[in-house]
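Notes to accompany the following structure.
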Amino acid sequence: MRWTRAFIPTLKEDPADAEVVSHRLMVRAGLLRQVARGIYSYLPLCQRVILKIDEIVRQELERIGAIELMLPILHPAELWRETGRWDLYGPLMMRLADRHDRQYALGPTHEEVVTDLVRHEVRSYRQLPLSLYQIQTKFRDEIRPRFGVMRGREFTMKDAYSFHADEVSLDATYGEFREAYSRIFTRCGLAFRDVEASAGEIGGDVNHEFMVLVDTGESVVFSCPSCGYAASSGRAEAARVAHEPPAGRDAKPLEEVATPGKTTVEEVSELLARDPSEFVKTLLFQMDGRTVAVLVRGDREIDEEKLGRALAVDRVEMAGSERVREVTGADVGFAGPHGLPKDVRVVADYSLAGRGNLVAGANRTGFHVTGLEIGRDVEPEDWIDAVRLVGGDPCPRCGTALDETRGIEVGHIFKLGTKYSEPMGATFLDEDGTQKPFLMGCYGLGITRVVAAAIEQNHDENGIVWPTAIAPYEVEIIPLNMDSARVVEAAERIYEECRAEGLEALLDDRADRAGSKFADADLVGIPWRIVVGDRGLESGMVEVARRSARKDMARFSPEEAVQHVRANVIRERRGGASEPKSG
RNA sequence: CGGGGCGUGGCGCAGUCUGGUAGCGCACCUGCUUUGGGAGCAGGGGGUCGCCGGUUCGAAUCCGGCCGCCCCGACCA
Numbered sequence: 006m007r008w009t010r011a012f013i014p015t016l017k018e019d020p021a022d023a024e025v026v027s028h029r030l031m032v033r034a035g036l037l038r039q040v041a042r043g044i045y046s047y048l049p050l051c052q053r054v055i056l057k058i059d060e061i062v063r064q065e066l067e068r069i070g071a072i073e074l075m076l077p078i079l080h081p082a083e084l085w086r087e088t089g090r091w092d093l094y095g096p097l098m099m100r101l102a103d104r105h106d107r108q109y110a111l112g113p114t115h116e117e118v119v120t121d122l123v124r125h126e127v128r129s130y131r132q133l134p135l136s137l138y139q140i141q142t143k144f145r146d147e148i149r150p151r152f153g154v155m156r157g158r159e160f161t162m163k164d165a166y167s168f169h170a171d172e173v174s175l176d177a178t179y180g181e182f183r184e185a186y187s188r189i190f191t192r193c194g195l196a197f198r199d200v201e202a203s204a205g206e207i208g209g210d211v212n213h214e215f216m217v218l219v220d221t222g223e224s225v226v227f228s229c230p231s232c233g234y235a236a237s238s239g240r241a242e243a244a245r246v247a248h249e250p251p252a253g254r255d256a257k258p259l260e261e262v263a264t265p266g267k268t269t270v271e272e273v274s275e276l277l278a279r280d281p282s283e284f285v286k287t288l289l290f291q292m293d294g295r296t297v298a299v300l301v302r303g304d305r306e307i308d309e310e311k312l313g314r315a316l317a318v319d320r321v322e323m324a325g326s327e328r329v330r331e332v333t334g335a336d337v338g339f340a341g342p343h344g345l346p347k348d349v350r351v352v353a354d355y356s357l358a359g360r361g362n363l364v365a366g367a368n369r370t371g372f373h374v375t376g377l378e379i380g381r382d383v384e385p386e387d388w389i390d391a392v393r394l395v396g397g398d399p400c401p402r403c404g405t406a407l408d409e410t411r412g413i414e415v416g417h418i419f420k421l422g423t424k425y426s427e428p429m430g431a432t433f434l435d436e437d438g439t440q441k442p443f444l445m446g447c448y449g450l451g452i453t454r455v456v457a458a459a460i461e462q463n464h465d466e467n468g469i470v471w472p473t474a475i476a477p478y479e480v481e482i483i484p485l486n487m488d489s490a491r492v493v494e495a496a497e498r499i500y501e502e503c504r505a506e507g508l509e510a511l512l513d514d515r516a517d518r519a520g521s522k523f524a525d526a527d528l529v530g531i532p533w534r535i536v537v538g539d540r541g542l543e544s545g546m547v548e549v550a551r552r553s554a555r556k557d558m559a560r561f562s563p564e565e566a567v568q569h570v571r572a573n574v575i576r577e578r579r580g581g582a583s584e585p586k587s588g
């Protein structure tokens, strides 16, 4: 391709509305333009990258026997009503009505649609297992789209769904997808990590996220440097310690102290000169119509996702200030665990286990209590793990201090079981002659997110450094002076030869000066570069350089240059370990 | 939705406080010179100052409303 025909609108300056590197570079290098909040046009260079990632995904999924198909984007409401998700999914789903006022959604995910297809077409266990996938645009009306393509409202996703007659088969396929994902991300040049995760809206219990570890990532990952345990923040477990009641200890009596106007742990901590870790934070939640008091150590936070899972409820909400007043008889900020109404369920987080002589709200406006003992003054119905971990917390498996890192979630795989097949009546006839609901798995991979993640991990101060396997072009030919007939002629010949050798070549045939061509070449990040100038041609030479190591420039004759690049590109095309990594 | 910020040629910004002829850099067009890391000179084109309303002799500037975009929190591939 010739640059003058390629539509690569590069920018000299950083766009004002882009914060993270990948977003900035995608806009500057002419890959991306915003149309509206969370909605983008992918320009030709970006489309080439996407197609390469698609191809890697296809190869690896075909390899494990998954079959590509295309499901509709427009989904009738009835299908979503069958699983109850028409209401559950909430405002995250883009909805619209047709001319007959029938309701539709723009598909945010496709469990209902594939399950509908399979229940109509698959009758027997003999047709199982079955893995179907598509690469398609998804729509989610995100609360806050951000970081460019990282969280868009419209984005490209590869989603796969597997159907099984039994657990053994589901487990096997789940494992195959897990391996396929590892191969895909490795080939895309990503350093990633798969971690235990929480299932969110999709459902199912066993699931893993694939995280690309970068500081700008939106997700938080905890990993154990010694035993290999790794989990995302909504899933990561705290070490569980049994609580010992105060009997053997020399416990102090429960006493009220005046703390007028001091409603936060920090304020009371300062007033009483007690460390926040000696406090009980009493948080009131509303779940399934019931009020639950959740007790957590004063210096820690509750993770609502973990809380919901620990108590097996779909939705947890903080209780409103009126409800708090009703339950505690005090203003917000003075809730304590003791003497709450009997209909309030009290649960304690393990962060409080083993703690005594605690400070808590007195359930009386303007007062707190000291000397509180769990087991004496309050008996929690359950001990649960709902705390939000922080780096340095002990590993739940081996006790080593956990590392906290940030990551971009590029893939998420789930064992769904019969969560969708059962309500939708999707059954098959098993070997023993009985109708059974399909066991299902589902496997998501954010294609456009992979593009952003790849840039986050492969760039320098001058621009993108594409891994060859997903680079928009493999080699860029730069004639330094378009007014020099022999430079142009040599560059054209090299360009033609590259193409004849099957290399994806970009010829910068713009009449610009050398400096701006180099700057754009760095920005756009094509892995190999052949520079043609009068100076070198004097002695019949051109220069070959890698984008990732510009200093290692080498001189070759034009023919040798093409062969040198070709040999390297062929080796690098498949991606993976041979790629040097930066960032 | 809560909190913070921004909206002025294609891009990046100044001008707004203190109302008075819309400006700078880059990009773009023409010509000459230049040609190995974002060239120089000369000439030129392009802006309802986000939108609607108000105040005023006069509004980019003051007031009110609306819209859009970015950042921080809950959501997720």
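Taking my numbering, the leading residue of the first sequence gets 6, the next gets one more, and so forth.
Ideal Cβ placement from N, Cα and C applies to all residues, glycine included.
Values in this document were obtained by computation on a predicted structure and should not be read as measured data.
Here the C-alpha atom of Gly-112 lies approximately 41 angstroms from the C-alpha atom of Lys-286. Between the region 401–417 and the region 367–387 there are fewer than three inter-stretch CB-CB distances shorter than 8 angstroms, so the stretches are not counted as touching.
The C-alpha of Arg-192 lies about 29 angstroms from the C-alpha of Asp-210.
For Cys-232, the number of other beta carbons within 10 angstroms of its own is below 16, and it is reported as exposed. Residue environment analysis places His-105 among the exposed positions, since fewer than 16 neighbouring C-beta atoms fall within 10 angstroms of its C-beta. In the DSSP secondary-structure assignment, Ala-550 is bridged to Arg-534. By the Cβ neighbour-count rule, Glu-214 is buried, with 16 or more other Cβ atoms within 10 Å of its own. For Phe-284, the closest alpha carbon among the candidates Ala-340, Ala-244 and Ala-317 is that of Ala-340. Distance from the Cα of Gly-239 is smallest, within the candidate group Thr-142, Leu-36, Val-392 and Arg-571, for Val-392. Positions of the beta strand (DSSP E) runs, each at least 3 residues long and wholly inside the region 333–413, are given as 350–354, 363–369, 372–377 and 387–389 in order along the chain.
For Arg-504, there is no enclosing beta strand (DSSP E); the residue is part of the alpha helix (DSSP H) that begins and ends at 490–505.
Under the DSSP assignment, Cys-447 falls in the beta strand (DSSP E) whose first and last residues are 444–451.
For Asp-164, DSSP records a beta bridge to Gln-139 and Gly-449. By the CB criterion at 7 angstroms, Pro-442 and Thr-473 fall outside the cutoff. A contact between stretches requires three or more CB pairs, one per stretch, nearer than 8 angstroms, and the region 257–267 fails this requirement with the region 437–451. Closest by C-alpha distance to Ser-356, out of Lys-347, Ile-379, His-373 and Pro-346, is Ile-379. In the structure shown, the three-state DSSP call for Phe-12 is coil.
The beta carbons of Trp-8 and Asp-513 sit closer together than 7 angstroms. In the DSSP assignment, Glu-24 falls outside any beta strand (DSSP E), carrying neither H nor E. Boundaries of the alpha helix (DSSP H) around Ala-315: 309–315.
Sequence-distant partners of Ile-72 (beyond 5 residues in either direction) whose C-beta falls short of 6 angstroms from its own C-beta, in its chain, are Leu-137. When DSSP states are grouped into helix, strand and coil, Tyr-186 belongs to the helix group. Between the alpha carbons of Ala-324 and Phe-290 lies a distance of about 5 angstroms.
At a cut-off of 4 residues, the continuous stretches assigned as alpha helix (DSSP H) that sit fully inside the region 52–102 are 82–87 and 90–93. Beta-bridge partners of Gly-468 (DSSP): Asp-465.
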